[in-house]
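For reference, the structure discussed in these notes is given below.
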Amino acid sequence: MSGIYAEEIIKRIRKEKEPVQDEDWFHIENDINRGYVVVKYEKLELEEKSVLDSHLTMLLPKCFEEMQYEMILAKYPDPDRPEWIYSNEEGDVTITFHLEEGEVKPEEVEDIRDIMADQMKRLYPASVIEEKEIIGEGEGIISHFSLDIPLIDDTCYHAMFFRAMKQGLLMGTFDCGVQEKKQWKKILVQLLGTMKEVEININGGNFGEHN
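Letter 154 of the sequence shown, counting from 1, is numbered 1015 in this note's numbering, and no numbers are missing.
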């Protein structure tokens, strides 16, 4: 065996024994199919959560929990606040859900989004409405848009999403600091695509899920 060939084998063995390097979180392309996302160089594990009194499931970060009442009063003082509010521990990243009862057809969701976008534009004339998009197809389509909202000492990335359900119209929001906008807006679209409506029977059990 030549010395050169033996040297190459030794190099290969040594390389295989080297510890696997952590993923480059500075340049990560977030894909929820991995089971986690990375925001601000922090790994957030994902899990399927049940919301809207178990009428809906979707993937969300494990660290997102229902917001404590004291924090709700501080962050959403208006009594006309969303019914379900989830956030990270710090409360600076939130996703909310509200259900308007009544009959809504999936094909009407896009028009509802446009009406809400116009209202937000009137409230914040200096803000630009972004990403008017449709996610999914058929009965499970989700329509959404976003804009940056100026606050007293910061700017908030604010997204709104809409979906027709058996019980009525689902309206939701997502908020985070504009510094995290680039990461979260790509993640949010993927998370919204995991929504599944759950049919509840009269005895409280689940008939099943459908997109």
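Beta carbons are placed, not taken as given, at the ideal position from N, Cα and C, and that holds for glycine.
Using a Cβ distance threshold of 7 Å, residue 996 and residue 978 do not count as a contacting pair. If you look at residue 1049, you'll find it in the alpha helix (DSSP H) that goes 1042 to 1053.
For the 7 Å CB-CB criterion, residue 1034 and residue 1026 do not form a contact. By the Cβ test, the region 905 to 925 is in contact with the region 954 to 967, since at least three Cβ pairs between them sit closer than 8 Å. Between the C-alpha atoms of residue 928 and residue 950 there is a straight-line separation of about 8 Å.
The DSSP-derived three-state label of residue 968 is helix. Check the Cα spacing between residue 1046 and each of 1018, 1012 and 970: the tightest is with 1018.
With fewer than 16 other CB atoms across the displayed protein chains lying within 10 angstroms of its CB, residue 908 is exposed. For residue 936, the enclosing alpha helix (DSSP H) begins and ends at 930 to 936. If the five residues before and after residue 994 are omitted, its C-beta is found closer than 8 Å to the C-beta atoms of 1004, 1005, 1006 and 1050, all from its own chain and listed in chain order.
Secondary structure at residue 1000: helix, using DSSP grouped into helix, strand and coil. Distance between residue 1000 and residue 965, taken at the CA atoms: about 11 Å.
By the neighbour-count definition (other C-beta atoms within 10 Å, threshold 16), residue 947 is a buried residue. Per DSSP, residue 925 lies in no beta strand (DSSP E) segment and is marked neither H nor E. In terms of CA proximity to residue 1013, 1038 leads the group 992, 1038 and 931. The alpha-carbon separation between residue 1031 and residue 998 amounts to approximately 16 Å. Check the Cα spacing between residue 904 and each of 1053, 1044 and 1054: the tightest is with 1044. Contact check for residue 1023 against residue 1059 fails: the beta carbons are separated by 7 Å or more. For the 7 Å CB-CB criterion, residue 963 and residue 1029 form a contact. By the beta-carbon neighbour count (other beta carbons within 10 angstroms, threshold 16), residue 934 is exposed. Residue 952 sits close to residue 932, with the two beta carbons spaced by under 7 Å.
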